[in-house]
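Colleague:
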Amino acid sequence: MGQEKISRNVSACSLLEETKEYSQELKNGAGLGKDCAVFPQKAGADQDIVVSKWIGLEGTARLAGANYERLRQRFPARMIEEAAAFDRYLSVIPEAATAMKSGVCGIQAVSRDGIFAGLWEMAEEAGVGLEADLRKIPVRQETIEICEVFGENPYELSSGGCLIMTTEDGNALVAALLREGIPAVVIGRTTRGNDRVLYNEGRKQFLNKPRP
Numbered sequence: 056m057g058q059e060k061i062s063r064n065v066s067a068c069s070l071l072e073e074t075k076e077y078s079q080e081l082k083n084g085a086g087l088g089k090d091c092a093v094f095p096q097k098a099g100a101d102q103d104i105v106v107s108k109w110i111g112l113e114g115t116a117r118l119a120g121a122n123y124e125r126l127r128q129r130f131p132a133r134m135i136e137e138a139a140a141f142d143r144y145l146s147v148i149p150e151a152a153t154a155m156k157s158g159v160c161g162i163q164a165v166s167r168d169g170i171f172a173g174l175w176e177m178a179e180e181a182g183v184g185l186e187a188d189l190r191k192i193p194v195r196q197e198t199i200e201i202c203e204v205f206g207e208n209p210y211e212l213s214s215g216g217c218l219i220m221t222t223e224d225g226n227a228l229v230a231a232l233l234r235e236g237i238p239a240v241v242i243g244r245t246t247r248g249n250d251r252v253l254y255n256e257g258r259k260q261f262l263n264k265p266r267p
């Protein structure tokens with residue numbers, strides 16, 4: 056699917072090369088934050104972390120499409136069909152284009168190993184730490200239900216269609232994406248140092264390095 060066509064670490068530059076109308080903006084560095092003048096860029100410390108759409112879209116679509124009859128024993132047909140159609144969300148070009156004009160510093164497609172791996176890879180590449188709230192990571196209820204059936208972790212599920220973005224003003228980026236009909240949310244911030252931490256109702260856990 057779409058995620059397999061995107062490298063594990065994707066900069067805004069490589070994403071926007073696919074749309075000619077933004078090539079001049081890319082060349083000129085238009086719309087970038089004051090610390091993000093030239094692409095390709097990596098995340099920096101003390102930036103907001105924004106996630107677009109929802110995690111697990113690609114993996115949910117695959118599981119629903121391949122296991123309709125099994126899932127039908129537990130869930131309404133409408134829910135399964137909706138989940139199987141999540142592949143309609145796999146293009147990330149619209150949010151990458153909007154982000155370019157809205158003060159983005161770093162953009163990375165979520166890896167096939169899910170949002171946990173994507174956050175680790177973003178931080179590792181940039182040489183920063185991060186703090187994020189697990190409860191703020193956007194996930195569809197269909198994904199949660201289907202993952203439960205198959206014993207999958209939604210945070211480690213293939214997440215084509217989801218971008219991790221860093222910016223000086225996460226709320227402004229979220230607002231810009233929402234104006235284009237693209238759901239997005241600030242889930243945390245990058246930090247100085249190397250700790251990559253998730254918080255869940257006051258409990259603290261460290262992200263693990265993704266398996267090779």
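Under my numbering, the residues of the sequence shown are numbered 56 to 267, in order.
Glycine included, each C-beta is placed from N, C-alpha and C at the ideal position.
Assuming Val147 and Ala239 make a contact with CB atoms under 8 Å, what is their CB distance in whole Å?
Modeller: That pair is no contact at about 12 Å.
Colleague: With DSSP collapsed to three states, give me the class of Val194.
Modeller: strand
Colleague: Are the segment 221-230 and the segment 153-168 in contact at 8 Å, needing three or more beta carbon pairs?
Modeller: Three or more Cβ pairs drawn from the segment 221-230 and the segment 153-168 lie within less than 8 Å of each other, which places the two stretches in contact.
Colleague: May I ask you to report which of helix, strand or coil DSSP gives Ala164?
Modeller: Strand.
Colleague: Considering only their Cβ atoms, is the gap separating Glu179 from Arg244 smaller than 9 Å?
Modeller: The Cβ-Cβ distance between Arg244 and Glu179 does not fall below 9 Å.
Colleague: In whole angstroms, what separates the C-alpha of Glu256 from that of Arg195?
Modeller: 20 Å
Colleague: Measure from the alpha carbon of Ala200 to the alpha carbon of each residue in Glu235, Ser157, Phe130, Ala98, then state which is nearest.
Modeller: Note on identity: in this sequence residue 200 is Glu, with Ala being the wrong assignment. Per the Cα distances, Phe130.
Colleague: Please state the DSSP three-state secondary structure of Gly184.
Modeller: strand
Colleague: Within the segment 226-267, note down every full beta strand (DSSP E) run reaching 3 residues or more, in order along the chain.
Modeller: At a cut-off of 3 residues, the continuous stretches assigned as beta strand (DSSP E) that sit fully inside the segment 226-267 are 239-246, 251-255, 258-261.
Colleague: Let me check one thing: in DSSP terms, what residues is Ser107 bridge-paired to?
Modeller: Ala239.
Colleague: So what's Leu218 in DSSP terms, helix, strand or just coil?
Modeller: Strand at Leu218.
Colleague: Closest to Gly169 by CA distance: which of Trp109, Asn249, Ile237 is it?
Modeller: Trp109
Colleague: Does DSSP put Val147 in a helix, in a strand, or in coil?
Modeller: coil
Colleague: Return the bridge partner residues of Gly173 from the DSSP annotation.
Modeller: Note: Gly173 sits in no beta bridge, so no partner.
Colleague: Within 8 Å: the Cβ of Phe171 and any heavy atom of the ligand MG?
Modeller: Among the ligands in the structure shown, none appear at all, so the ligand MG cannot be discussed.
Colleague: Can you give the Cα-Cα distance for Leu262 and Asp250, rounded to whole angstroms?
Modeller: The alpha-carbon atoms of Leu262 and Asp250 are separated by roughly 8 Å.
Colleague: Mind checking which residues open and close the alpha helix (DSSP H) that includes Thr206?
Modeller: It should be noted that the sequence gives Gly, not Thr, for residue 206. It is not in any alpha helix (DSSP H) - Gly206 carries neither H nor E in the DSSP assignment.
Colleague: Between which two residues does the alpha helix (DSSP H) carrying Gly120 extend?
Modeller: 112-121
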